[in-house]
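Data first, discussion second: the structure below is written as structure tokens.
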Amino acid sequence: MFFGTYTPKVDEKGRLFLPAKFREQLAEGLVVTRGQERCLTVWSMQDFAGMTDRLREAPVTNKGARDYVRMLFAAASQEVPDKQGRITIPSVLREYASLGKEVMVIGAMNRIEIWDPTAWATYSEEQEQKFSELSDEVFPGI
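Okay, so the sequence shown: first residue is 1046 according to our numbering, each after it adds one.
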């Protein structure tokens, strides 16, 4: 499980130091790809394989499923962290998420998201009120 917020740097070669708390879970490899709201999503190989299995069940005749699969897989990059815990984020993904040297890395349960700090601050501020309101919808009766 991934949780917490971290502020590692992206170096001049496009490499990101994964937060130390995430490294063990991703040591065998990971997939980084487009996420929603113009962030990047990092999946363990196991979770990405599970998601791929579910996507295989979607009918190819469904335009939404085709579009989603194209966008997800076209930008996907399989990585194995180096001995220092770094992964390379391809330039196409850095551009997609408007990433510079400074980034925000957040744990989001079964995945990691990588955000531009300004985009994360804006998103987080916009969602604060909704977060309170959604608790009844996500956890009814609790």
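In this text, a Cβ means the ideal position worked out from N, Cα and C, and glycines have one as well.
Query, Result
"3 or more residues per run - each beta strand (DSSP E) lying fully within the stretch 1110-1141", "1122-1124, 1131-1133"
"Distance between L1117 and N1107 (C-alpha atoms, nearest Å)", "16 Å"
"Residues of its chain near N1155, where Cβ-Cβ distance is below 6 Å and the 5 sequence neighbours each way are ignored", "D1092"
"Proximity below 8 Å, CB of V1076 to CB of A1121", "yes"
"Pair within 8 Å by beta-carbon distance, V1148 and L1061", "yes"
"Environment of G1109 [buried if 16+ CB atoms lie within 10 Å]", "exposed"
"Pick from G1152, E1173, Q1070, C1084 that is closest to S1143, judged by C-alpha positions", "C1084"
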